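Chains as they are written, first to last, in our numbering: chain A, 705 to 888; chain B, 56 to 259.
Just so you know, even glycine gets a beta-carbon here, dropped at the ideal spot from N, CA and C.
Predicted model only: the values in this text are computed from it and were never measured.
One structure is given here, and the rest of the page talks about it.
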Amino acid sequence: MKYLIAVFITVISFGCKETGAQNSAVSENGDFAFGAEPKHVIEGVNQSVKVYDFEGLQKLLNRKDERTYVVNFWATWCKPCVAELPHFEEINDKYRDKNVEVVLVSLDFPAKADELLIPFLEKKHLKSKVLLLDDPKMNEWIPKVDNDWSGAIPATLIFNKNNRAFYEKSFTFMELENALKKAL
Amino acid sequence: MRTSKFIIAFLSVFALTAFAMPKEYNDGYKIGDVADDFKLKNIDGKMISLSDYKDVKGYLVVFTCNSCPYAVAYEDRIIALDAKYKEKGVPVIAINPNNPDVQPKDSYDKMKERAAEKGFTFPYLLDEGQTVFPKYGATRTPHCFLLEKTANGNVVRYIGAVDDNYQDVSAVETTFVENAIDAMLSGKEIEIKNTKAIGCSIKV
């Protein structure tokens, strides 16, 4: 029994140490943290992606601070999603100093992130923040993003402490900018 | 007085609902609706309708495609569902709702190839002109609609995902479709009638 407890404690402290190390790496990169611990980080050569479950992501979705968040659900294999990514990048660039934060939530298969998502990010050099949502209990978390979401992507949530709007659609740049302006 | 107020309230609610929900395709079918039949081309060139099936108790209509990784992740499970439930009177009918001009991987020829590769045991129909999926209200692939064949038509009994874990079959906790079919076949109330899942938007 004592032995078991010792093993347990060792495992736990190892676990903590690792997360701690990841966290400091994260802030050094100037990457973001929204008050939730990533489940883990997938490291590429130049790009890394933090992996969250929905409990983690929800901390971002529930934020009520001074910023306006544009949270886009996408995947590398989703053609219309990839087609509209430049619009999100442009919003990120144009509204950076207006307290707008674009977060691209990838729904790529976690098991294939190494093969698909990381190379995609290394190629595209996205400036917006990217994270990977790894939570198979979709029927539980999809309605928590928005009750009207059928689950099809692309889908986008634009919110701040006063406004919240959900869009299950593809955007042109103008449509996206107008949707953002409605929230600002 | 109270009764008349009640009647007025009832009538206004009825009127409002009647106006608010025109019989359009916008929202598609809800649980309990009677689904229209269709006539779509199968990969073998034959036209298939629900009414072609004489001795069945229902149908599992699955909107699916070649190009969507979620759909691909569920292919084996859909084959397994057909194997298990066809003989119990609930065959799988797969329909590709995508416009092949927008997604060439979902062309009629590619459908034939994929069906042969995977050994589909069920029809794989092309929603040519994309008239069927909007009626059903399918929004993504894969998207399942369980229909029960009744004297009043094919009644929608379940809409949603196959199960609750697209990543890992062995980690599935709730087999939504199986549970729904089992309940339907034994005349019990289906516990979970609607589920949501991430999927690829239908290419129009």
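Taking a 10 Å sphere around the C-beta of H829 (chain A), we find fewer than 16 other C-beta atoms and assign the residue as exposed. For W845 (chain A), the enclosing alpha helix (DSSP H) has its first and last residue at M842 to V849.
The Cβ atoms of L884 (chain A) and V804 (chain A) sit closer than 8 Å to each other. In the DSSP assignment, V786 (chain A) falls within the unbroken alpha helix (DSSP H) covering K783 to K798.
Of all residues in the region 855 to 876 of chain A, only G855, A856, I857, P858, A859, E872, K873 and S874 come within less than 9 Å of chain B when Cβ atoms are compared, listed by chain position. At a beta-carbon threshold of 8 Å, the residues of chain B lying near L811 (chain A) are I253, ordered along the chain. Under the three-state reduction of DSSP output, I98 (chain B) falls in the coil class, being neither helix nor strand. Y221 (chain B): not part of any alpha helix (DSSP H); DSSP gives it neither H nor E. The DSSP-derived three-state label of Y191 (chain B) is helix. By the CB criterion at 8 Å, W845 (chain A) and F758 (chain A) fall inside the cutoff. If you check each beta-carbon in the region 761 to 787 of chain A against every beta-carbon of chain B, the ones closer than 9 Å belong to F777, A779, W781, C782, K783, P784 and C785. Contact residues of the region 230 to 257 of chain B toward chain A are T250, K251, A252, I253, G254, C255 and S256 (C-beta to C-beta distance below 7 Å).
In terms of beta-carbon proximity, P823 (chain A) stays away from the interface with chain B, with every pair separated by 8 Å or more. With respect to the C-alpha of N154 (chain B), the residue from B:I148, B:V127, B:Y191 and B:G184 having the closest C-alpha is B:G184. With the criterion set as a beta carbon lying under 7 Å from some beta carbon of chain B, the members of the region 826 to 847 of chain A are P840, K841, M842, N843, I846 and P847, in sequence order. At least one CB atom of chain A sits nearer than 8 Å to the CB of R195 (chain B). The beta carbon of E793 (chain A) lies closer than 7 Å to those of L830, K831 and S832 in the same chain, with the five residues before and after it left out. Secondary structure note for K763 (chain A): its alpha helix (DSSP H) is the uninterrupted segment F758 to L765. Cβ-Cβ distances below 6 Å link P823 (chain A) to nothing in the same chain once the five nearest sequence neighbours on each side are left out. With respect to L764 (chain A), V806 (chain A) sits apart: the two C-beta atoms are not nearer than 8 Å. Where R868 (chain A) is concerned, the enclosing beta strand (DSSP E) starts and stops at R868 to Y871. Listed in chain order, the positions of the region 207 to 226 of chain B with a beta carbon within less than 8 Å of a beta carbon of chain A are G215, A216, D219, N220, Y221, Q222, D223 and A226. Secondary structure note for F118 (chain B): its beta strand (DSSP E) is the uninterrupted segment G113 to F118.
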